[in-house]
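Be aware that the sequence shown starts at 47, since it is given in the numbering used here, and climbs by one per residue. Where a beta carbon is used, it is the ideal one built from N, C-alpha and C, also for glycine.
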Amino acid sequence: MYQNFKTKHKGKALKDMVWNAAWASNNVIFRKCMEDLENEDKAAREWFNHPERPFNTWTRSMFRTHIKCDMLLNNLCENFNRWLLCVLVLLLNLELLNLELLCVLKFLKLLFVMKFLKLLLLVFLREAGV
Numbered sequence: 047m048y049q050n051f052k053t054k055h056k057g058k059a060l061k062d063m064v065w066n067a068a069w070a071s072n073n074v075i076f077r078k079c080m081e082d083l084e085n086e087d088k089a090a091r092e093w094f095n096h097p098e099r100p101f102n103t104w105t106r107s108m109f110r111t112h113i114k115c116d117m118l119l120n121n122l123c124e125n126f127n128r129w130l131l132c133v134l135v136l137l138l139n140l141e142l143l144n145l146e147l148l149c150v151l152k153f154l155k156l157l158f159v160m161k162f163l164k165l166l167l168l169v170f171l172r173e174a175g176v
C-alpha cells in the first residue's frame with residue numbers, strides 16, 4: 047500500500063508518519079499519527095479515506111485480536127495434556143524407585159513452573175508480534 051501512496055506523496059516525513067500510523071498499537075496512537083499526517087499534508091491524509099483502503103486492513107491498531115477458530119486453543123490443550131501424561135509416567139517411574147515424596151513434588155513443581163514460563167513466553171512473543 048505504501049508503494050501506491052508514495053507515487054503521489056513523496057518525502058521522508060510522510061513516510062515516517064504513515065509507518066508510525068501502520069505500527070500504532072492502539073486507536074489513540076493511530077488517531078494521533080493520522081492527525082500529524084493531516085497537519086503535514088492534508089491531501090496525503092485524504093488519500094487514506096478511499097473505500098479501497100479501510101484502516102482495519104493495514105494498521106495494527108485495528109487488527110482483530112480474537113481467535114476465529116478453536117484450533118489454536120485445542121492445540122494448546124493437547125500439548126498441555128500430553129505434558130501432564132509425561133509427568134504422570136515420570137511420577138510412576140520415580141515411585142518405583144522409592145524416592146521420597148517431597149523430592150518428587152519439588153521436581154514436579156520445577157517442571158510445571160518451567161512449562162508455565164515457556165507458555166507465558168510464547169504468549170508474550172505472539173502478542174508482541176515476534
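Chain-order list of residues whose beta-carbon lies under 7 angstroms from that of residue i (same chain, five-residue window excluded)
i	result
K161	W129
A59	E86
Y48	V64
Residue i and residue j closer than 9 angstroms at C-beta
i	j	result
T105	A68	yes
L140	V150	yes
N95	C79	no
F126	F101	no
Three-state class that DSSP yields for residue i in the structure shown
i	result
M47	coil
K52	helix
Contact set for residue i: own chain, Cβ-Cβ below 8 angstroms, skip 5 residues either direction
i	result
H55	D87, A89, A90 and W93
Own chain partners of residue i with C-beta closer than 6 angstroms, once the 5 adjacent residues on each side are dropped
i	result
C123	none
N73	S107
D82	M63
| message | Report the start-end ranges of each alpha helix (DSSP H) in the region 70 to 141 that is 4 residues or longer and not cut off at the edges. | response | 73 to 86 and 88 to 93
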